[in-house]
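Using UniProt numbering, the first residue of the sequence shown is number 1, and each one after it goes up by one. Structure first, then comments.
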Amino acid sequence: MFDFAFSEMLLAAVVALVVLGPERLPQAARALGRMLGKIQRLAGSLRAELAQHADMADLRRMQETLASTANELKQEMQQLRAGASPNLPAWERLPPQRTPADFGMDADFEPAPRPVQPGFHTPSLQQRARAGRRKLQPRARIRPRLRVRKQAGGRR
Numbered sequence: 001m002f003d004f005a006f007s008e009m010l011l012a013a014v015v016a017l018v019v020l021g022p023e024r025l026p027q028a029a030r031a032l033g034r035m036l037g038k039i040q041r042l043a044g045s046l047r048a049e050l051a052q053h054a055d056m057a058d059l060r061r062m063q064e065t066l067a068s069t070a071n072e073l074k075q076e077m078q079q080l081r082a083g084a085s086p087n088l089p090a091w092e093r094l095p096p097q098r099t100p101a102d103f104g105m106d107a108d109f110e111p112a113p114r115p116v117q118p119g120f121h122t123p124s125l126q127q128r129a130r131a132g133r134r135k136l137q138p139r140a141r142i143r144p145r146l147r148v149r150k151q152a153g154g155r156r
């Protein structure tokens, strides 16, 4: 937007020095810097506020779509309820009965044998207990011994 060449900036500095003088030039530069800082802060806050408003607009749109979807689902549920015949006897409205096999039991209510899958091993309770005891035993820690090499010629 503002493209200044070095020569243009140098010309502006010389004009400011002539017009303001060497005594008032540092004060004017400080005031100009403060004004530019205020303008930048104002622009940043304006950008943040606009972004917040855009986010709020997106949220409102999402809320409207969710509300319309919820209304559609409610209407479909009402249609399904209206379509279902409420005059069915109680025994026809019951869920299907489950057998012991559904719960992994055989006819004598004993755990049904599971099919063995190749490459899959489940440890028994005894094996798990043995492994747990093994973990609790203290481990032998071997400490390395440092050796000193003997130098040739009998010196150490």
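C-beta: ideal position from N, C-alpha, C; glycine also.
- In the DSSP assignment, M62 falls within the unbroken alpha helix (DSSP H) covering F6 to G83.
- Remark: C-beta atoms of A112 and A101 approach each other more closely than 8 Å.
- Rounded to the nearest whole angstrom, the C-alpha separation of A57 and G37 is 30 Å.
- When beta bridges are read from the DSSP output, P111 appears opposite M105.
- In the three-state reduction of the DSSP assignment, K150 falls in the coil class.
- Taking the CA atoms as reference points, A70 sits about 12 Å from Q78.
- Per DSSP, the unbroken alpha helix (DSSP H) holding Q126 starts and ends at L125 to L136.
- Taking C-beta atoms as the reference points, L17 and A28 fail to come closer than 8 Å.
- Taking C-alpha positions only, I39 is separated from Q63 by approximately 36 Å.
- Boundaries of the alpha helix (DSSP H) harbouring A90: A90 to R93, taken from the DSSP string.
- Distance from the CA of R47 to the CA of D55, rounded to the nearest whole angstrom, comes to 12 Å.
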